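The structure under discussion appears below in the form of structure tokens.
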Amino acid sequence: MDKNSNQEKHVFVTFFSGEHTQKRITKLCESFNASIYPFPESPVERQEALNQIDERLKTLDAVQIKSEEQQKQILKNLEQNLCQWSAFVVKEKAIFHTLNMFSSDRTSNCRVGEGWVPSRSMGEVHAALSKASRSAKASVPAIAQIMRGGKKKGE
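Each residue of the sequence shown is one higher than the one before, counting from 1 in full-length UniProt numbering.
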């Protein structure tokens with residue numbers, strides 16, 4: 001693929017002798033917008049070009065290996081926090097799901113939620129509401145009111 005035009009290209013090699021043939025082949029290649037790469041004529045120049053290419057390939061391999069090591073390290077660091085982040089997201093989703101079930105009283109700007117909790121846990125509920133009120137610096141404390149005689153199943 002050509003980087004500039006995204007056009008598919010094919011590689012070919014021509015062998016020829018003579019300057020006249022070289023000019024004709026060059027004109028033909030140019031008419032088809034082919035890329036022409038010079039080929040060293042002497043064996044020493046060819047060996048130097050080959051050595052340069054080998055050096056570039058070694059450098060690219062080293063860069064690729066280093067990049068992969070860095071990516072693995074980054075992913076390893078992320079992996080250590082993934083469980084903690086997942087638990088945080090699950091808790092946040094549960095909180096927002098619960099908040100979405102609350103009703104809003106627009107006149108007094110408060111939220112009303114109804115639910116059930118075992119009687120023995122009411123102390124914990126009151127403590128949690130007090131803590132939430134303090135951390136939110138609420139002007140009015142949160143209230144948990146016990147409602148007796150609620151509806152039974154099937155009513």
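C-beta: ideal position from N, C-alpha, C; glycine also.
These numbers were taken from a predicted model, which means no experiment stands behind them.
So, helix, strand or coil for S103, using DSSP?
Counted from its first residue, the sequence shown places residue 103 at position 103. In the structure shown, S103 sits in a strand (DSSP, three-state: E or B).
Can you give the Cα-Cα distance for A127 and S119, rounded to whole angstroms?
Locating residue 127 in the sequence shown gives position 127, counting from the first residue. Locating residue 119 in the sequence shown gives position 119, counting from the first residue. For A127 and S119, the distance between alpha carbons rounds to 14 Å.
So which of S133, W116, V140 has the shortest CA-CA distance to M147?
What you label residue 147 is simply residue 147 of the sequence shown in a count that begins at 1. The shortest Cα separation from M147 among S133, W116, V140 belongs to W116.
Rounded C-beta distance between S133 and A142? I'm assuming under 8 Å.
Along the sequence shown, read from residue 1 onward, the residue named residue 133 stands at position 133. Along the sequence shown, read from residue 1 onward, the residue named residue 142 stands at position 142. Contact holds; Cβ gap of about 5 Å.
Can you tell me which of V11, H10, I25 puts its alpha carbon nearest to the alpha carbon of S17?
Indexing the sequence shown from 1 puts residue 17 at position 17. Considering only alpha carbons, the answer is I25.
Output the boundary residues of the alpha helix (DSSP H) element that contains R120.
Here residue 120 corresponds to residue number 120 of the sequence shown, with the count starting at 1. Unbroken run through R120: none, as it is neither H nor E.
To the nearest angstrom, how far is the alpha carbon of K152 from that of V90?
The sequence position of residue 152 within the sequence shown is 152, counting from 1. The sequence position of residue 90 within the sequence shown is 90, counting from 1. Summary for K152: the model assigns pLDDT 49, below 50, so the residue's position carries little reliability; its value from the coordinates is reported in the next sentence. Looking at the two C-alpha atoms, the distance is approximately 31 Å.
Quick one: measure Cβ to Cβ for S103 and V112, integer angstroms, because I've assumed they're closer than 8 Å.
Along the sequence shown, read from residue 1 onward, the residue named residue 103 stands at position 103. Along the sequence shown, read from residue 1 onward, the residue named residue 112 stands at position 112. 5 Å between Cβ atoms; contact.
If you check the beta carbons only, do R46 and P40 fall under 7 Å apart?
On the sequence shown, residue 46 is found 46 positions in, with the first residue counted as 1. On the sequence shown, residue 40 is found 40 positions in, with the first residue counted as 1. Taking 7 Å as the Cβ cut-off, R46 and P40 qualify as a contacting pair.
Could you pull the start and end residues of the alpha helix (DSSP H) that R111 belongs to?
Locating residue 111 in the sequence shown gives position 111, counting from the first residue. R111 -> not in any alpha helix (DSSP H); beta strand (DSSP E) instead, spanning 110-112.
Would you kindly work out how many angstroms separate the C-alpha atoms of N77 and Q71, rounded to a whole number?
Locating residue 77 in the sequence shown gives position 77, counting from the first residue. Locating residue 71 in the sequence shown gives position 71, counting from the first residue. In a straight line, the C-alpha of N77 is about 10 Å away from that of Q71.
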